[in-house]
Each structure stands twice: as C-alpha cells, then as structure tokens.
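Colleague: Line order of the protein sequences matches chains A and B.
Just so you know, we're using my numbering here: the first sequence kicks off at 135 and counts up by one.
Just so you know, we're using my numbering here: the second sequence kicks off at 17 and counts up by one.
From the three backbone atoms N, C-alpha and C, an ideal C-beta is built for every residue, glycine too.
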Amino acid sequence: MKRTPSPLAAYVTGFGLSLVLTLAAYLLVTGRLFSNQVLIYLIAALALIQFGVQMVFFLHLGQESRPRWKLLVMGFMVMVVVILVVGSIWIMNNLSYHSLSPSQVNTYIHNQDGL
Amino acid sequence: MSVVRAVAPPDNDKTLFGFWVYLMTDCVFFASLFATYAVLHTSTFGGPGSAQLFDLPPVLAETFILLTSSFTAGLAMLAAHRGNKHQVLGWLMVTFVLGAAFLGLELKEFHHLATTGNSWRRSGFLSAFFTLVGTHGLHISVGLVWMGVLMTKVWRSGLTAVNLKRLTLVSLFWHFLDIIWIFIFTMVYLMGSLS
Chain A
135 MKRTPSPLAA YVTGFGLSLV LTLAAYLLVT GRLFSNQVLI YLIAALALIQ FGVQMVFFLH
195 LGQESRPRWK LLVMGFMVMV VVILVVGSIW IMNNLSYHSL SPSQVNTYIH NQDGL
Chain B
17 MSVVRAVAPP DNDKTLFGFW VYLMTDCVFF ASLFATYAVL HTSTFGGPGS AQLFDLPPVL
77 AETFILLTSS FTAGLAMLAA HRGNKHQVLG WLMVTFVLGA AFLGLELKEF HHLATTGNSW
137 RRSGFLSAFF TLVGTHGLHI SVGLVWMGVL MTKVWRSGLT AVNLKRLTLV SLFWHFLDII
197 WIFIFTMVYL MGSLS
C-alpha cells in the first residue's frame, strides 16, 4: 500500500497555491505597496494565475485525451468573456467621452493624456 | 485499481461533458454581470462608493472559507474513489458547513448594507453589486441544497455508480463557484478598495 496518492498531492498543491495567491493579492492591496494603476494590473494577474491553478488542480483540466473538447469549449468561453467584458468597458467609456461638453473634454484630455 | 484515472473520470462521459459545457455557459452569464458591474461601479448617484462601503477582512475570511470548502469537496471525491462512504459523508458535511458559513457571512454583509440605507435601490453601482454577488450567492445556495440531497442519497444507498457521478458533478460545480469568487474578490472588493 505504498502507492502514494498523486491526486491528493494535486489537491494539496492547488489549495496551497490558491491560499498564497489570495493572501498575496490581499496584502498588496491593504499595504498599498504600489500605485493604484500598478496594483490593479498586479492583482488582476494574480487572479488569472489562480484561475489557471484551480482549473488544473481542482477541475483537472488538461488531463483529458485527444480530442480535447473540454479545452476547446473553455477556449470559446474565454473568447466570449473577453469580448463581452472588454467590449462593454471600451464602448461605455467611449460613450461617456462623446457625451461630454467641450469644456469637460478639455479637462478629460488634460487628465488622461497629460496634455 | 487505477488511482490516477480515479480523479479524472473517463473523458467520453457525455453527462460530464454536458455539465462542463453548462459551467462554461454559466461563466459567460457571470461575465455579463461582471461587465455590467464594471460599467456601473462609478455610478453611485451621490451615494457611497465601493471604497467606503466594503470592509476587507470579513471578505478575506469568506474567501478562505470558500477556498477551504473547495478543497474539502476534492477530498470527498478522493474518498469516494477509495470507496470509503463514511469519509465521503464526513468531508461533504465539512464542505456543507463551510459553504453555509460563507453564505451566512455574505447575507450578514447584505443585511448590514440594506439596513444602513445602501440597498440595491440606492444607486446603479449597488444594483450591479447586489446582482453580481447575489447571483453567486444563489448558486452557492443551490449547491448547498444539492449537496444536502446527495448526502442523504449516499447515506441511504451508498456509493453506487449513479451517486458517484452525481458526486463528481456537484464537486465540479463547487470548484467552479470558487473560481467565480476569485474574480468577485479581486474585481469587486480588492479593486473597489483602491478607487
């Protein structure tokens, strides 16, 4: 009975990594270690890494044999999600910009582009 | 026999693949709520914004509780593949209690917001917040009911092939909800505290 349970190791690794990533994101934000802009990119990256970690260690992605239908469906999901979220933010910001008054536009350009 | 195959059930399982497709479409559903929140989170209508409203330590506790419950759901799966009924019931119970604790903390936050005049009717930002986080909470509630029903089924008829499949599906669902929560934690709470 010396067969070491590798599935258990996978769950423990996934759990440990997720704990560390969550705590890292939390401490970065509460400690205000960087400027807000940098922090937003950093914690977004940490969340994406944790997404990958849990997909692999908890949801066993990448263990299926070819053809990899699960991976394919997930790829499609990611595509739709990116279009939906990035597109919405882009379009709505653009809409807000176009509904500014001329004086507000000057302030906006001044703030955004430092002109 | 095969320990490695035990965790990843056969790929040609149609039920499992169908459930996976459902989870991915649910991701798209959540993405639309995330997009709504991203667009509306500054529309506070003169009311408090996310930085004033949210208290981070309890949310970190919620995050750890849900993460731990995702881990114990995995342990229940491992016990199921070993054929140990009592361990399965034990770990499912732990998962259930942790899930209920998470839901309790979330409802406490909602109650606090609503009674201090910051319900979903206060602003576009709060409508989007309650919709996004509430929908996740609703999924958690469904997961808890499902888990409760499954526990009585396993307790009565043991680890049959059908129960094993149900167990696989509920654990997938639970892991999926933890993944959605990572993004709520990051986008709503952590990024919210920066603005």
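#1: Are the C-beta atoms of PHE35 of chain B and some chain A residue less than 8 Å apart?
#2: Report the residues of the region 213-232 of chain A with a CB closer than 7 Å to any CB of chain B, ordered along the chain.
#3: What three-state label does DSSP hand TRP136 of chain B in the structure shown?
#4: Compare the C-beta of MET135 of chain A with all C-beta atoms of chain B and state if any pair is closer than 8 Å.
#5: Let me know if LEU56 of chain B comes out buried or exposed under the rule of 16 or more other beta-carbons within 10 Å of its beta-carbon.
#6: Using a Cβ-Cβ cutoff of less than 6 Å, which residues in the same chain neighbour THR241 of chain A once the five nearest sequence positions on both sides are dropped?
#7: So, helix, strand or coil for SER209 of chain B, using DSSP?
#8: Which value, in whole angstroms, describes the spacing of the CA atoms of LEU160 of chain B and VAL113 of chain B?
#9: Flag SER48 of chain B as yes if its beta-carbon sits less than 8 Å from any beta-carbon of chain A, otherwise no.
#10: Using a Cβ-Cβ cutoff of 7 Å, what residues of the region 155-172 of chain A are near chain B? List them in chain order.
#11: So with Cβ pairs under 8 Å, would you call GLN238 of chain A a contact of chain B?
#12: In three-state DSSP terms, what is GLY174 of chain B?
#13: On the premise that LEU142 of chain B lies in contact with ASN134 of chain B, defined as a C-beta separation below 8 Å, what is that separation, rounded to the nearest angstrom?
#14: For LEU39 of chain B, is the classification buried or exposed, using 16 other Cβ atoms within 10 angstroms of its Cβ as the cut-off for buried?
#15: Does the beta-carbon of LEU229 of chain A have 16 or more other beta-carbons within 10 angstroms, so that it is buried, or is it exposed?
#16: Answer yes or no: do LEU119 of chain B and SER157 of chain B have a C-beta to C-beta separation smaller than 8 Å?
#17: Using a Cβ-Cβ cut-off of less than 8 Å, give me the residues of the region 180-191 of chain B that come near chain A, in sequence order.
Modeller: In this structure, then:
#1: Sequence index remark: in the second sequence, residue 35 of chain B carries index 19 (1-based). No, because no Cβ of chain A sits closer than 8 Å to the Cβ of PHE35 of chain B.
#2: VAL214, VAL215, LEU218, VAL219, SER222, ILE223, MET226
#3: Numbered from 1 along the second sequence, position 120 holds the residue referred to as residue 136 of chain B. If DSSP states are grouped into helix, strand and coil, TRP136 of chain B belongs with coil.
#4: Here residue 135 of chain A is taken as the residue at index 1 of the first sequence, counted from 1. Confidence in MET135 of chain A is poor, its pLDDT being 41 and thus under 50, which makes the residue's placement unreliable; the coordinate value appears in the next sentence. So no, MET135 of chain A is outside the interface.
#5: To locate residue 56 of chain B, count along the second sequence from 1; it is residue 40. Label assigned to LEU56 of chain B: buried.
#6: Along the first sequence, read from residue 1 onward, the residue named residue 241 of chain A stands at position 107. Within the same chain, THR241 of chain A has no close Cβ partners at all.
#7: Residue mapping note: residue 209 of chain B aligns to position 193 of the second sequence, counting from 1. Here SER209 of chain B sits in helix by DSSP.
#8: To locate residue 160 of chain B, count along the second sequence from 1; it is residue 144. To locate residue 113 of chain B, count along the second sequence from 1; it is residue 97. Cα to Cα, LEU160 of chain B sits roughly 9 Å from VAL113 of chain B.
#9: Walking along the second sequence from the start, residue 48 of chain B turns up at place 32. Yes, SER48 of chain B lies at the interface with chain A (some Cβ there is under 8 Å from its Cβ).
#10: Identification of residues in the region 155-172 of chain A having a C-beta nearer than 7 Å to some C-beta of chain B yields THR156, ALA159, TYR160, VAL163, THR164, ASN170, given in sequence order.
#11: Position 104 of the first sequence, counted from the first residue, corresponds to residue 238 of chain A. No, its Cβ sits nowhere closer than 8 Å to a Cβ of chain B.
#12: Taking the first residue of the second sequence as position 1, residue 174 of chain B is located at position 158. Coil at GLY174 of chain B, not helix or strand.
#13: Within the second sequence, numbered from 1, the residue matching residue 134 of chain B stands at position 118. Within the second sequence, numbered from 1, the residue matching residue 142 of chain B stands at position 126. About 6 Å separates the beta carbons of ASN134 of chain B and LEU142 of chain B, which is inside the 8 Å limit, making them a contact pair.
#14: Looking up residue 39 of chain B in the second sequence gives position 23. Counting Cβ neighbours within 10 Å, LEU39 of chain B comes out buried, since at least 16 surround it.
#15: Start at 1 with the first residue of the first sequence, and residue 229 of chain A comes out as number 95. LEU229 of chain A is exposed by the Cβ-count criterion.
#16: Your numbering for residue 119 of chain B matches position 103 in the second sequence. Your numbering for residue 157 of chain B matches position 141 in the second sequence. In contact: LEU119 of chain B and SER157 of chain B (Cβ atoms closer than 8 Å).
#17: So the list reads LEU188, HIS191, given in the order they occur along the chain.
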